[in-house]
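What follows is a single structure, written as structure tokens, with notes after it.
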Amino acid sequence: MLKKKLPDMDLMQIARSGQCFRMEEKQEGIYALVAFGKYLEIGQEGDVFSFSCSEQEFQEIWRNYLDLDTDYGIIKASVDPGDPYLTEAARLGWGIRILRQELWEMIITFLISQNNNISRIRRSIELLCRTLGEDRTAENGRQYDTFPGPEAIVRGGMAVLKTLGLGYRDKYVYRTAQAVLEGTLNLEELKRADYEEAHRRLTAQYGIGRKVADCICLFGLYHIEAFPIDTHVKKILEVHYPLGFPHDKYRGYGGILQQYMFYNDLNEKLYRTARIVV
DNA sequence: TTACAGGTCCGGA
DNA sequence: TCCGGACCTGTA
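Residue numbers for the first sequence, in the UniProt record's numbering: 1 to 278.
Structure, rendered in structure tokens:
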């Protein structure tokens, strides 16, 4: 078991920050995730983490995936102390990192997320992977499913998508998979594009509006200047920033601050009922 | 029963 | 450019 001491990271906070829907707590303090076709378990005790992979795989895949070369301490320290709301949000979400997840998975995930609730999003994605993903076995014997590529989704067709509880989003998923296969939506070009160009191309796709495009840019392309405004963030901005959020102060990485705010809003009920000890 | 979920599309003003 | 209604479906 590989052990690492890592700063500014908390698995529960990452799992509850709304950026990933497949990260699952297997036991107390042990989380499982699937990415790049691989299965990983991470255990956390304070700032010491154990990984169910080799040092080589950690360096090749997970170090980047967990965004470990970004110093979140600097980001948190840049928060204006005269901004009590953001200061508190960053304090409570101190262990959030932006995972560098796979672009295709983020496109489909956030297409499904629209006008939807988190438990149903998770359920739909789990079903999607179980139905159309590849069934694999990890080195420790765990069974897991990969996230299905565009080929698998088109092969399954609308008939299979209808069984996943996606509602009216099923046609968005299908047509996006088609667009990637046909080359209308080129993922490699999307990865090379800057934020504005990527956002423009994404919103041109049927079913992807501003908000979903921003989520894809932030979580699938690591354009951390993207600042998705959903119902939660919209409410936060109305209440705490009636004169507008000070984007100029945090130019280039607003998306990370948005995550602190989003996490805070999503989980404040849990904090209030003291189910999570801060 | 109605409202709400990490919205988008579409038609009309 | 802006606005309102429709939209799948599960949960409270």
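For every residue, glycine included, the Cβ atom is placed at its ideal position computed from N, Cα and C.
Going straight from the alpha carbon of A177 to that of K211, what length do you get?
-> Position 177 of the first sequence, counted from the start, is the residue given in the question as residue 177. Position 211 of the first sequence, counted from the start, is the residue given in the question as residue 211. Each residue's alpha carbon lies about 19 Å from the other.
Pairing CB atoms from the segment 142-150 with CB atoms from the segment 158-167, are three or more of them under 8 Å?
-> no
Once you ignore the five residues that flank K4 on each side, which residues in its own chain have a CB closer than 6 Å to its CB?
-> The sequence position of residue 4 within the first sequence is 4, counting from 1. Contacts found: F49.
Residues bridged to F51 by DSSP?
-> The count along the first sequence starts at 1 and reaches residue 51 at position 51. Paired residue(s): L2 and I42.
Three or more beta-carbon pairs under 8 Å between the segment 8-19 and the segment 85-102, yes or no?
-> yes
Could you name each continuous alpha helix (DSSP H) segment of 4 residues or more that falls completely within the segment 161-249, going from the start of the chain to the end?
-> 170-182, 187-192, 195-203, 210-220 and 231-240
Between the CA atoms of E28 and I107 - distance to the nearest angstrom | The count along the first sequence starts at 1 and reaches residue 107 at position 107. The count along the first sequence starts at 1 and reaches residue 28 at position 28. For I107 and E28, the distance between alpha carbons rounds to 30 Å.
Distance, Cα to Cα, S113 vs E268?
-> Working through the first sequence from its first residue, we reach residue 113 at position 113. Working through the first sequence from its first residue, we reach residue 268 at position 268. Answer to the nearest angstrom: the Cα atoms are 21 Å apart.
Reducing DSSP to helix, strand and coil, say where T273 ends up.
-> Translated into the one-based positions of the first sequence, residue 273 becomes position 273. Confidence at T273 is low in this model, with a pLDDT of 49, below 50, so the placement of that residue is unreliable and no value is reported for it.
May I have the straight-line CA-CA distance separating F100 from P242, to the nearest angstrom?
-> As a position in the first sequence, residue 100 is number 100, starting the count at 1. As a position in the first sequence, residue 242 is number 242, starting the count at 1. One detail in the question is off: residue 100 reads as Arg in this sequence, not Phe. Approximately 32 Å between the Cα atoms of the pair.
Do Y85 and H240 come within 8 Å of each other at the CB atom, strictly closer than that value?
-> Along the first sequence, read from residue 1 onward, the residue named residue 240 stands at position 240. Along the first sequence, read from residue 1 onward, the residue named residue 85 stands at position 85. Closer than 8 Å, so yes.
Check whether the segment 227-236 touches the segment 245-264, taking contact to mean three or more Cβ pairs, one atom from each stretch, closer than 8 Å.
-> yes
Cβ-Cβ distance between L221 and L132 below 8 Å | In the first sequence, the residue the question calls residue 221 occupies position 221. In the first sequence, the residue the question calls residue 132 occupies position 132. Not closer than 8 Å, so no.
Neighbour-count burial assignment, K235, 16 or more Cβ in a 10 Å radius = Reading the first sequence from its first residue, position 235 is the one you call residue 235. By the 10 Å Cβ count, K235 comes out exposed.
Could you spell out the range, first to last residue, of the beta strand (DSSP E) harbouring L33?
-> On the first sequence, residue 33 is found 33 positions in, with the first residue counted as 1. Here the beta strand (DSSP E) through L33 covers I30 to A35.
Nearest to E197 by alpha carbon, out of E182, A213 and Y206?
-> By one-based count along the first sequence, residue 197 stands at place 197. Nearest of E182, A213 and Y206 to E197, Cα basis: A213.
Answer yes or no: do L187 and R201 have a C-beta to C-beta separation smaller than 8 Å?
-> Your numbering for residue 187 matches position 187 in the first sequence. Your numbering for residue 201 matches position 201 in the first sequence. Taking 8 Å as the Cβ cut-off, L187 and R201 do not qualify as a contacting pair.
Give every residue of the same chain whose Cβ lies closer than 6 Å to the Cβ of G156, excluding the five residues on either side of it in the sequence, and list them in chain order.
-> In the first sequence, the residue the question calls residue 156 occupies position 156. Result list for G156: L132, in chain order.
Contact check, S54 vs L6, beta carbons under 8 Å | Here residue 54 refers to the residue found at position 54 of the first sequence. Here residue 6 refers to the residue found at position 6 of the first sequence. Taking 8 Å as the Cβ cut-off, S54 and L6 do not qualify as a contacting pair.
Where DSSP assigns a beta bridge to R136, which residues make up the other side?
-> As a working note, residue 136 is residue 136 in the first sequence. Paired residues: Y144.
Use the C-beta contact count for D170: other C-beta atoms within 10 angstroms, 16 or more gives buried, fewer gives exposed.
-> On the first sequence, position 170 is the one that residue 170 refers to. By the neighbour-count rule (16 or more Cβ atoms within 10 Å), D170 is buried.
For W94, which of helix, strand or coil comes out of DSSP?
-> What you label residue 94 is simply residue 94 of the first sequence in a count that begins at 1. Secondary structure of W94 (DSSP, three-state): coil.
Own chain residues within Cβ distance below 7 Å of V277, not counting five before or after = Locating residue 277 in the first sequence gives position 277, counting from the first residue. Because V277 sits at a pLDDT of 45, beneath the cut-off of 50, its placement in the model cannot be relied upon, and the following sentence gives the value as read from the coordinates. For V277, where only same-chain residues beyond five positions count, there are no Cβ hits under 7 Å.
Report yes if the C-beta distance between G255 and L111 is below 8 Å; otherwise report no.
-> Taking the first sequence and counting its residues from 1, one reaches residue 255 at position 255. Taking the first sequence and counting its residues from 1, one reaches residue 111 at position 111. Taking 8 Å as the Cβ cut-off, G255 and L111 do not qualify as a contacting pair.
To which residues of the same chain is I125 closer than 7 Å at the C-beta, ignoring the five residues directly before and after it?
-> Counting from one through the first sequence, the residue named residue 125 turns up at place 125. F21, R22, T109 and I112.
Mind pulling the alpha helix (DSSP H) runs of 4 or more residues that sit fully within the segment 68-92?
-> 72-77 and 84-92
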